[in-house]
Amino acid sequence: MIKKVDHIGIAVKSLENTLPFYTDVLELTLLGIEEVESQKVKVAFLQAGGTKLELLEPTSEESPIAKFIEKCGEGIHHVALGVESIEERIIEMKEKGIQMIDQQPRLGAGGAQIAFMHPKSSTGVLYELCEKKGMKG
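Listed below in C-alpha cells is the structure:
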C-alpha cells in the first residue's frame with residue numbers, strides 16, 4: 003500500500019530566511035518553489051536523499067500552516083506517504099476506522115493528488131497520502 007515516504011512537510015515563517023540553512027548549511031538541492039493558492043502557502047521542495055523536504059510558508063493568516071505555526075511554532079507539520087490509487091487508499095483507511103480530513107483527493111504541490119488523515123486517528127501524526135500520476139518519485 004505505502005510505496006515510500008514521499009516527503010516531510012515543515013512549517014516555516016519565511017522561506018527566504020529558512021532556505022539558506024537547507025541549501026548552504028545542509029547543502030540540499032532546491033528542486034523548486036511554487037505557490038499553492040488553494041492552501042494559502044508557498045512551498046519549496048528540497049532533495050534529501052531518497053525523500054524530499056517540503057518547506058511550507060503561509061501566504062495568509064487564514065492558511066492552515068499559519069494556524070499551525072501560531073499554535074505549535076515552526077517545525078515538522080506532516081509526513082507524506084507515497085501511494086498508488088489514492089481513491090482506493092482513502093476508502094481503505096475509512097474501512098479501517100481512520101478519520102480522513104479529505105474525503106476525496108485534492109490537488110497539492112507539484113500536481114500531486116493528496117488527502118490527509120486526521121491525527122486523532124493516526125497516533126497523533128498528521129499523515130498525507132500522496133499520489134503522483136505520471137511523475138517520477
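Residue numbering for the sequence shown follows our numbering, beginning at 3 and increasing consecutively.
All C-beta atoms, glycine included, are put in the ideal place defined by N, C-alpha and C.
For clarity, every value in this text was computed on a predicted model and none was experimentally measured.
| task | Name the residue from Leu32, Ala13 and Asn19 whose alpha carbon lies nearest to the alpha carbon of Gly75. | result | Ala13
| said: Please classify Phe118 as buried or exposed, where buried requires at least 16 neighbouring CB atoms within 10 angstroms. | reply: buried
| query | At what residues does the alpha helix (DSSP H) containing Ile88 begin and finish? | reply | Ile88 to Glu97 is the extent of the alpha helix (DSSP H) around Ile88.
| query | Of the residues Gln105, Asp104 and Ile100, which one's Cα is nearest the Cα of Ser123? | reply | Per the Cα distances, Ile100.
| Spatial neighbours of Leu30 in its chain, beta-carbon cut-off 8 Å, leaving aside the 5 residues before and after | Tyr24, Leu48, Gln49, Ala50 and Leu55
| task | Determine, using beta carbons only, whether Thr53 and Val7 come nearer to each other than 8 Å. | result | Contact: yes.
| said: On the CB-based measure, 16 or more other CB atoms within 10 Å of its CB, does Ile78 come out buried or exposed? | reply: exposed
| request: Can you grab the Cα-Cα spacing for the pair Phe130 / Val81, in whole Å? | output: It is Glu, not Phe, that sits at residue 130 in the sequence shown. Going from the Cα of Glu130 to the Cα of Val81 covers about 6 Å.
| request: Just the C-alpha distance for Lys42 and Glu94, rounded to the nearest angstrom, thanks. | output: 29 Å
| Residues of its chain near Ser87, where Cβ-Cβ distance is below 6 Å and the 5 sequence neighbours each way are ignored | none
| message | What residue range does the alpha helix (DSSP H) around Leu17 cover? | response | Leu17 to Pro22
| Hey, how far is the Cα of Thr20 from the Cα of Arg108? | 27 Å
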